[in-house]
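*Asks:*
Residue numbers (full-length UniProt numbering): 1 to 236.
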């Protein structure tokens, strides 16, 4: 038997109601998922805010570190200023030594004008002084290399400062020894120059009565002077 219209309508109504019930269930589950996602998003955003706060604290720590680094660089700058003053003192010491050598050079020029025969010996002495200049240049290069190494740490700076103090004492001792030796050399040079001038006067008065003997004596004295000067330069 076929369904009546009323039964058919009731069946369709039942199907529609079931469909709406299914839709209500799906909508309810969807709302639950949306609520859960909203909760999760809120938690995530709270975590992100906490992360940003932590990052802000990290930046504050970094700023404090940079401030500490700036203070360290200021300390390093003050150390370099102290080192520069030490080098200026050393330069003044070397200038005093240079002036002493200039005085000696003037004495050598006076002797050279009187005795042209020993010109070659003075050239040898000049080469010795060039060797001394090269040694000073080597010392300057070493000091420059030390200056570059000093840029590392404060501990090395303190070590170099102590080394500079030791070097200053050494230079004072060397200066004292050099000045003493230079005064001795100058005194011997003046005495020998006077004796040689006396011999020349004697030869002029006596003529050529004993030229070989006078020439031998003069050559011997000049050789002794040159050897003494060479020993002095080698000692320096």
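C-beta: ideal position from N, C-alpha, C; glycine also. Note that the coordinates shown come from a computational prediction; the quantities given were computed from them, not determined experimentally.
#1: Just to confirm before moving on: does the CB-CB distance between residue 93 and residue 175 stay below 8 Å?
#2: Apply the 10 Å Cβ neighbour rule to residue 164 and answer buried if 16 or more other Cβ atoms are within range, or exposed otherwise.
#3: Pull up the distance between the alpha-carbon of residue 7 and that of residue 47, whole angstroms please.
#4: With distance defined between alpha-carbon atoms, name the residue in 109, 114, 137 nearest to residue 125.
#5: Looking only at its chain, what residues have a beta carbon closer than 7 Å to the beta carbon of residue 172, apart from the 5 residues adjacent to it on each side?
#6: Rounded to whole angstroms, what is the Cα-Cα separation between residue 103 and residue 127?
#7: I'd like the list of long-range same chain contacts for residue 179, defined as Cβ closer than 7 Å, with 5 residues on each side in sequence excluded.
#8: Can you give the Cα-Cα distance for residue 105 and residue 85, rounded to whole angstroms?
#9: Assuming residue 82 and residue 168 form a contact by the criterion Cβ under 8 Å, report the distance between their Cβ atoms to the nearest whole angstrom.
*Replies:* So, to answer that:
#1: yes
#2: buried
#3: 59 Å
#4: Cα-wise, what sits closest to residue 125 is 109.
#5: none
#6: CA-to-CA, the gap between residue 103 and residue 127 works out to about 18 Å.
#7: 100
#8: 30 Å
#9: Their Cβ separation, rounded to whole angstroms, is 12 Å, which puts residue 82 and residue 168 out of contact at 8 Å.
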